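First the structure, in the form of structure tokens, and then the observations on it.
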Amino acid sequence: MSQPKSMDAIMALCKRRGFIYQASEIYGGINGFWDYGPLGAQLKKNLREAWWQDMIMNPAWGRKGPNGERVRCVPLETCIIQHPKVWEASGHVGGFNDPMVDCKESKGRYRYDHVMVFVPESGDPGDKPVFAYVGDQPSEAKQRKKAEKTFGAVRSVALSSLPQPWTRVIGPDAEKPGTLTEPRMFNLMFDTIPGAIRDEANKAYLRPETAQGIFVQFKNVVDTTRVKIPFGIGNTGRSFRNEVTPRNFTFRSREFEQAELEFFCHPSESQDWYRFWRDFRMEWWRSIGLAGENLILREHDKDELSHYSQGTSDVEYRFPFTAPGFGELEGIAHRGCYDLTQHQEHSKVKLDYFDTTRGETLPNGGKKGERYIPHCIEPAAGLDRGALALICEAYTRDESRPSPEILRFHPRVAPIKAAVFPLVDKDGMPEVAERLADELFRRFGRDGFIETDAKQSIGKRYARMDEAGCPFCFTIDGDTLKDQTVTARDRDTGQQQRIALDKVAGFLAERLA
Ligand code: GAP
Numbered sequence: 003m004s005q006p007k008s009m010d011a012i013m014a015l016c017k018r019r020g021f022i023y024q025a026s027e028i029y030g031g032i033n034g035f036w037d038y039g040p041l042g043a044q045l046k047k048n049l050r051e052a053w054w055q056d057m058i059m060n061p062a063w064g065r066k067g068p069n070g071e072r073v074r075c076v077p078l079e080t081c082i083i084q085h086p087k088v089w090e091a092s093g094h095v096g097g098f099n100d101p102m103v104d105c106k107e108s109k110g111r112y113r114y115d116h117v118m119v120f121v122p123e124s125g126d127p128g129d130k131p132v133f134a135y136v137g138d139q140p141s142e143a144k145q146r147k148k149a150e151k152t153f154g155a156v157r158s159v160a161l162s163s164l165p166q167p168w169t170r171v172i173g174p175d176a177e178k179p180g181t182l183t184e185p186r187m188f189n190l191m192f193d194t195i196p197g198a199i200r201d202e203a204n205k206a207y208l209r210p211e212t213a214q215g216i217f218v219q220f221k222n223v224v225d226t227t228r229v230k231i232p233f234g235i236g237n238t239g240r241s242f243r244n245e246v247t248p249r250n251f252t253f254r255s256r257e258f259e260q261a262e263l264e265f266f267c268h269p270s271e272s273q274d275w276y277r278f279w280r281d282f283r284m285e286w287w288r289s290i291g292l293a294g295e296n297l298i299l300r301e302h303d304k305d306e307l308s309h310y311s312q313g314t315s316d317v318e319y320r321f322p323f324t325a326p327g328f329g330e331l332e333g334i335a336h337r338g339c340y341d342l343t344q345h346q347e348h349s350k351v352k353l354d355y356f357d358t359t360r361g362e363t364l365p366n367g368g369k370k371g372e373r374y375i376p377h378c379i380e381p382a383a384g385l386d387r388g389a390l391a392l393i394c395e396a397y398t399r400d401e402s403r404p405s406p407e408i409l410r411f412h413p414r415v416a417p418i419k420a421a422v423f424p425l426v427d428k429d430g431m432p433e434v435a436e437r438l439a440d441e442l443f444r445r446f447g448r449d450g451f452i453e454t455d456a457k458q459s460i461g462k463r464y465a466r467m468d469e470a471g472c473p474f475c476f477t478i479d480g481d482t483l484k485d486q487t488v489t490a491r492d493r494d495t496g497q498q499q500r501i502a503l504d505k506v507a508g509f510l511a512e513r514l515a
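Put into structure tokens, the structure is as follows:
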């Protein structure tokens, strides 16, 4: 297994090259919120569009599903704020809670399962205080130092492994022991009050997932289009969760973007569809560049499953901050008929489906039909975690290069598709470069930037493009003017070849596909 990459170096590159900025940075930032700079915004757009294309417009790359037919999906775009009853029906009002511990001294609030404590490496701490921290927060280094001063060598264990009351535990940001409360449940939904009257009775929520918008519009989609079971509905957009300990860069944010598909099918076919989507989703992440050993598919154990789920798998990526472990990129869940049944009960609107292809065969050869609540398979991906995984996977250091940091993005998601450089800013080269850049822009500019740059040495310009993840550079030099050829440089190998000026667009088209 290779060494984990440095998250500090990746975050610094993301800032330096305009991928990701802290939200409201000039005011000191706001915890759990991130903005995307020009390259990050385009990277995420390419990821979203790859999802849209491969999940909705041409689902599963045109493959046939387990029923032997082409997979069919349609898109939907639903509101961030829905009727509050949506979240009662979905279980988010009653159940979307994390256990939290508060600190009476620092007023800090921490997710119970994220709090760890340092104890002596061997043996019991006796009556000495033990030091709590939350991983990856500044508290970890500070508390480790104090713990090592008290115990020498230390190891960390979960706070939950210590019996309560925690009279000897010093909270992550506290000085005195015994200030952590016992865990209490905390709802993760942000609330707001639409309209002019600030009355609690009018309270609504920012959606914590895009999926419920699909269930509540299921009937409208069936009634207003020609979809027939089995089919999927896809929805992408912002979701909000008041995460108690947002951390690990964009991995756990309070505002993030999801891309979710709800695939509706007959109960008897649901296990086949579950396996179909689970396997396709893994293949899909591989196809856009997460091809190595850092990507795994993890089937949930029975005791991890929600009561309604008949199977869940996670696509997980080994991020530098989770290594040697993995973090979830996407969950693929067999949700049975849970959601539609819940909304049917709460809304009193029938959400079943009349399937004219099933039931007894009639004397005329037709079918009697069958009424049922479809089962649902849900591949639910996070686009911010996806973009972060693409950045982490692409990040490579090659000390043999003049500028060692390279982002080896898959060409499909790369935010800059190509760069065109005049070797020098004179002798007719800028004009040829400009014409070539215009041609490339017309053909590929919908999917990413076509850069031109005449400043600095050519080596420095290549290095800048390597850092931004641009897969190909084309250089116009003195020979171009004589023989109409250019230098094509490959980001990953650094190798250069001469190709005809009028073949550049074709060369790029082959490699961006
Ligand atoms: N409808 C199911 C659902 O929302 P989830 O596992 O809670 O399932 C799906 O979320 C995906 O959304 C996750 O796999 C992850 O990629 C992303 N996600 C969830 N919470 C997130 C957060 N706080 N920050 C960034 N991404 C998050």
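Residue numbering for the sequence shown follows the working numbering, starting at 3 and increasing by one per position.
Heads up, the beta-carbon is just placed ideally off N, CA and C, and yes, glycines get one too.
Just so it is clear, the structure is predicted and the values come from calculations on it, not from any experiment.
{"Asked": "CB of Met13 within 8 Å of CB of Asn99, strictly", "Found": "no"}
{"Asked": "Check: Ala382 C-beta below 7 Å from any heavy atom of the ligand GAP", "Found": "yes"}
{"Asked": "Cross-strand partners of His336 (DSSP beta bridge)", "Found": "Gly313 and Ile379"}
{"Asked": "Span of the beta strand (DSSP E), counted from its first residue to its last, around Asp354", "Found": "First-last for Asp354: undefined, no H or E at that position."}
{"Asked": "Nearest to Phe509 (by Cα), restricted to the options Asp481, Trp286, Phe476 and Thr495", "Found": "Phe476"}
{"Asked": "Whole-angstrom distance between Met284 and Ala293, CA atom to CA atom", "Found": "10 Å"}
{"Asked": "Residue(s) in a DSSP beta bridge with Phe476", "Found": "Val422 and Ala490"}
{"Asked": "Span of the alpha helix (DSSP H) around Thr152", "Found": "Ser141 to Phe153"}
{"Asked": "The ligand GAP heavy atom lying under 7 Å from the CB of Glu262", "Found": "yes"}
{"Asked": "Contact test: Ala1 Cβ vs the ligand GAP heavy atom, cutoff 7 Å", "Found": "Residue 1 lies beyond the residue range present for the chain, which begins at 3 and ends at 515; the question has no answer from this structure."}
{"Asked": "Simplified DSSP state of Met191, which is helix, strand or coil", "Found": "coil"}
{"Asked": "Bounding residues of the alpha helix (DSSP H) (the contiguous stretch that carries Asn222)", "Found": "Phe220 to Thr226"}
{"Asked": "N-terminal and C-terminal residue of the alpha helix (DSSP H) that Gly586 is part of", "Found": "This structure leaves residue 586 out entirely; the chain is present only between 3 and 515."}
{"Asked": "Which residues DSSP lists as bridging Thr454, in chain order", "Found": "Val422"}
{"Asked": "Helix, strand or coil at Val136 according to DSSP, with G and I counted as helix", "Found": "strand"}
{"Asked": "With 16 other Cβ atoms within 10 Å as the buried cut-off, status of Leu364", "Found": "exposed"}
{"Asked": "Classification of Glu433 by the beta-carbon crowding that lies within 10 angstroms, buried from 16 upward", "Found": "exposed"}
{"Asked": "CA-to-CA distance, Gly128 to Leu390, given in whole angstroms", "Found": "43 Å"}
{"Asked": "Contact test: Phe35 Cβ vs the ligand GAP heavy atom, cutoff 7 Å", "Found": "no"}
{"Asked": "Local conformation of Glu211 per DSSP, three classes", "Found": "coil"}
{"Asked": "Buried or exposed (CB count within 10 angstroms, at least 16 for buried), Gln145", "Found": "buried"}
{"Asked": "Inter-stretch contact (C-beta, 8 Å, three-pair minimum) for the stretch 342 to 354 and the stretch 397 to 414", "Found": "no"}
{"Asked": "Check whether Trp168 and Leu190 have beta carbons under 8 Å apart", "Found": "no"}
{"Asked": "Distance CB(Met78)-CB(Gln219) smaller than 8 Å", "Found": "Inspection of the sequence shows that residue 78 is occupied by Leu rather than by Met. Against a cut-off of 8 Å, the Cβ pair of Gln219 and Leu78 comes out as a contact."}
{"Asked": "Whether Cys75 touches Ile235 by CB criterion (8 Å)", "Found": "yes"}
{"Asked": "Glu107 versus Lys178: straight-line alpha-carbon distance, rounded", "Found": "8 Å"}
{"Asked": "Bridge partner(s) assigned by DSSP for Arg240", "Found": "Glu259"}
{"Asked": "Neighbourhood of His94 by C-beta distance below 7 Å, restricted to the same chain and skipping five residues each side", "Found": "Met191 and Pro210"}
{"Asked": "Own chain residues within Cβ distance below 7 Å of Lys370, not counting five before or after", "Found": "Gly361, Glu362 and Leu364"}
{"Asked": "Option nearest Phe474 by Cα separation, candidates Phe443, Arg463, Ala490 and Leu503", "Found": "Ala490"}
{"Asked": "Burial state of Phe531 (16 or more Cβ within 10 Å)", "Found": "Nothing about residue 531 can be read from this structure; the chain reaches only from 3 to 515."}
{"Asked": "Glu372, DSSP secondary structure in three states", "Found": "strand"}
{"Asked": "Glu447 Cβ short of 7 Å to the ligand GAP heavy atom set", "Found": "Residue 447 is actually Gly in this sequence, not Glu. False, no ligand heavy atom lies under 7 Å from that Cβ."}
{"Asked": "Rounded separation between Phe423 and Glu51 - CA only", "Found": "29 Å"}
{"Asked": "Buried or exposed by the 16-neighbour rule on C-beta atoms within 10 Å, applied to Lys46", "Found": "buried"}
{"Asked": "Cβ-heavy atom distance, Arg519 to the ligand GAP, below 7 Å", "Found": "Within the shown structure, residues of the chain are numbered from 3 to 515, placing residue 519 beyond reach of any answer."}
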